[in-house]
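These notes are about the structure you will find just below.
Structure follows, in structure tokens:
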């Protein structure tokens, strides 16, 4: 007859309790059968559209994201679809770093950027749409990123004011993804926003380091980069920017090339879900394949 081993028994107990907790967690998170039907999913989305009054949702990473009551295509999507953080963020946002999200929107980039730089770093997010900026500020605050800030100014190549399209109507909802400087779309709400340049902002705010910039401003990327040439030359940040917007022109791309290439920048590749498609300045300037739809460089 084997001798009773209290330690071994406790180890088995702890393991069994862990397995029970995991089992109950799986049951708790199991998708209700009714939500597997597209009609039920559509009905729930419509209910959210009608009843949402603003609040925080919990992500798989246990972060809180504030979704404002002003639902548009983007914010409604965040209630039903969780964006996956871009893996490149962890490679270009060092702990303690200063990073910028230009055209931050709901914070799909800004939140993981804040997590990457940590408590000793900071994110400076630019978002001229007031309710989006307010939502992102609340997201920063509730997750403890007190050093990260949101500016309502739009970065451009000049300081002053400019016409800004808030959104374009698509069905019953606004599409804030159409927001931007110099965009004139039927159904869009025109307003005026304050503009500044990256160079001026860095000088005014005494920025002493800049590790990374993400730019997604609906074909206005060239103006942002041109307005930040001195800061980019000084800090040499890694840069990710959107290309392929329908209002983008060859002149836009030439400006970006002529600003960045002399500073030693090269095009590394196009961000895709599972990697980077290698490319170069020549293909970028010539609109060669795969430069035929929106993507991040």
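In the working numbering, the protein residues as written are 1 to 297.
Don't be surprised by glycine CBs; every beta carbon is placed ideally from N, CA and C.
Of all alpha-carbon atoms in 265, 223 and 288, the one lying nearest the alpha-carbon of residue 239 is that of 265. For residue 35, same chain residues with a beta-carbon under 8 Å away, outside a window of 5 residues either side, are 41 and 44 in chain order. Uninterrupted beta strand (DSSP E) stretches at least 3 residues long and entirely within the stretch 81–147 occur at 98–102 and 122–126, given in chain order. Taken through DSSP and simplified to helix, strand or coil, residue 155 comes out as strand. Cβ atoms of residue 259 and residue 236 stay farther apart than 8 Å, at about 13 Å.
Taking the CA atoms as reference points, residue 107 sits about 53 Å from residue 5. Annotated as distal: residue 65 and residue 75, with beta-carbon spacing of 7 Å or more. Inter-residue distance for residue 139 and residue 93 is about 19 Å (C-alpha atoms, whole angstroms). Less than 7 Å separates the beta-carbon of residue 166 from that of residue 191. Around the beta carbon of residue 242, 16 or more other beta carbons lie within 10 angstroms, which makes this residue buried.
Each of 220, 269 and 272 was checked against the Cα of residue 248, and the nearest Cα belongs to 220. Shown here for residue 96: same chain residues with a beta carbon closer than 8 Å to its own, the five before and five after excluded, namely 117, 118, 120 and 121 in chain order. In this structure, 48 is the residue among 48, 91, 101 and 88 with its C-alpha nearest to the C-alpha of residue 81. DSSP lists no beta-bridge partner residue for residue 217.
Rounded to whole angstroms, the gap between the alpha carbons of residue 154 and residue 276 is 29 Å. The alpha carbon of residue 83 has as its nearest neighbour, out of 98, 72, 60 and 100, the alpha carbon of 60. Residue 16 and residue 25 have their alpha carbons spaced roughly 14 Å apart.
Per DSSP, residue 66 is not a residue of any alpha helix (DSSP H); the beta strand (DSSP E) it occupies stretches across 64–67. In chain order, 279, 280, 281, 284 and 297 place their CB closer than 7 Å to the CB of residue 267, counting only its own chain and leaving out the 5 sequence neighbours on each side. The beta carbons of residue 125 and residue 150 sit closer together than 7 Å. Sorting 163, 132, 111 and 164 by C-alpha distance to the C-alpha of residue 146 places 111 at the top. Ranking 205, 251 and 254 by CA distance to the CA of residue 231 puts 205 first. For residue 77, the three-state secondary structure derived from DSSP is helix. In the assembly as shown, residue 109 is a buried residue. Its beta-carbon has 16 or more other beta-carbons within 10 Å. In the structure shown, the three-state DSSP call for residue 59 is coil. Here DSSP, grouped into helix, strand and coil, assigns residue 251 to helix. Considering only 197, 22, 250 and 101, the residue with the shortest C-alpha distance to residue 158 is 197.
Cα atoms of residue 287 and residue 245: separation of roughly 12 Å, rounded to the nearest angstrom. Residue 250 has its alpha-carbon roughly 42 Å from the corresponding atom of residue 144.
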